[in-house]
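Engineer:
In UniProt numbering, the protein residues as written are 1 to 176.
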């Protein structure tokens with residue numbers, strides 16, 4: 001059975017836009033179906049703040065596979081797009097995280113769904129809520145918009161490319 005799959009994308013090294021668009025292209029090539037994409041946001045780094053700003057967005061896909069197997073595919077996509085493993089919260093060409101996988105709640109050594117830090121990150125919540133404003137945390141039923149309110153209004157992500165334009169850019173790249 002197909003589920004809604006929400007992925008977050010981030011890049012702060014090199015041609016950030018190209019890395020993110022390339023990741024969308026690869027995911028569509030391996031059979032995912034893109035339902036919606038948020039605007040692309042410019043955001044300050046999280047964790048290790050002594051690095052370049054990130055571009056971040058969220059994509060909503062349809063997927064019917066196993067989350068743990070999909071994580072392996074996702075890591076393969078990151079490598080194919082050009083990710084170089086560095087240190088935690090360090091600079092990255094591309095980072096793709098599974099945020100939500102339907103109503104799945106999963107905790108393994110390699111994977112936590114919903115993503116562990118989803119409720120702490122404006123750069124994830126803002127684009128997620130742009131796509132689906134009434135979405136709830138499957139762990140406790142709390143609206144993600146309520147979690148965002150608790151984080152305050154300072155350091156808000158800034159729109160880099162609006163959603164409609166960003167989607168057209170992805171679609172053009174996929175047709176190449």
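We put the beta carbon where it would ideally sit given N, CA and C, even for glycine.
Hey, could you find the ends of the alpha helix (DSSP H) residue 165 is sitting in?
Structural biologist: Locating residue 165 in the chain shown gives position 165, counting from the first residue. Segment 163-175, the alpha helix (DSSP H) holding residue 165.
Engineer: If we call anything under 8 Å between Cβ atoms a contact, is residue 130 one with residue 38?
Structural biologist: Within the chain shown, the letter at position 130 stands for residue 130. Within the chain shown, the letter at position 38 stands for residue 38. Yes.
Engineer: Taking 7 Å as the limit between beta carbons, can you name the residues of its chain near residue 65, skipping five residues before and five after?
Structural biologist: Counting from one through the chain shown, the residue named residue 65 turns up at place 65. Around residue 65: no qualifying Cβ.
Engineer: For residue 58, report the span of its beta strand (DSSP E) as first-last.
Structural biologist: The count along the chain shown starts at 1 and reaches residue 58 at position 58. Where residue 58 is concerned, the enclosing beta strand (DSSP E) stretches over 54-63.
Engineer: Please go through the same chain and pick out, in chain order, the residues whose beta-carbon is closer than 8 Å to the beta-carbon of residue 155, but skip the five residues on each side of it.
Structural biologist: Stepping through the chain shown from its first residue, residue 155 is reached at position 155. The answer, listed in chain order, is 44 and 122.
Engineer: Quick check on the DSSP output: the alpha helix (DSSP H) that includes residue 146 runs from which residue to which?
Structural biologist: As a position in the chain shown, residue 146 is number 146, starting the count at 1. Segment 144-150, the alpha helix (DSSP H) holding residue 146.
Engineer: Is it true that the stretch 66-82 meets the stretch 143-151, where meeting means three or more beta-carbon pairs spaced less than 8 Å apart?
Structural biologist: In short, these stretches do not touch, since the Cβ pair count stays below three.
Engineer: Span of the alpha helix (DSSP H) holding residue 132?
Structural biologist: The count along the chain shown starts at 1 and reaches residue 132 at position 132. First-last for residue 132: undefined, no H or E at that position.
Engineer: Tell me, please, which residues DSSP counts as bridged to residue 160.
Structural biologist: Within the chain shown, residue 160 is the residue found at index 160, counting from 1. Paired residues: none, contrary to the question.
Engineer: Quick one, which of 153, 50, 133 and 61 has its alpha-carbon nearest residue 28's?
Structural biologist: Locating residue 28 in the chain shown gives position 28, counting from the first residue. For the residues 153, 50, 133 and 61, the minimum Cα distance to residue 28 belongs to 61.
Engineer: Would DSSP call residue 94 helix, strand or coil?
Structural biologist: Looking up residue 94 in the chain shown gives position 94. Correct three-state label for residue 94: coil.
Engineer: For residue 106 and residue 69, I'd like the C-alpha separation in whole angstroms.
Structural biologist: Against the chain shown, residue 106 aligns to sequence position 106. Against the chain shown, residue 69 aligns to sequence position 69. Taking the straight line from one Cα to the other gives about 13 Å.
Engineer: Just curious, the beta strand (DSSP E) that residue 5 is in, first and last residue?
Structural biologist: On the chain shown, residue 5 is found 5 positions in, with the first residue counted as 1. Element bounds for residue 5: 3-11.
Engineer: Do you know how far the Cα of residue 59 is from the Cα of residue 36?
Structural biologist: Taking the chain shown and counting its residues from 1, the one referred to as residue 36 is at position 36. Taking the chain shown and counting its residues from 1, the one referred to as residue 59 is at position 59. If I take the Cα positions, the gap works out to 6 Å.
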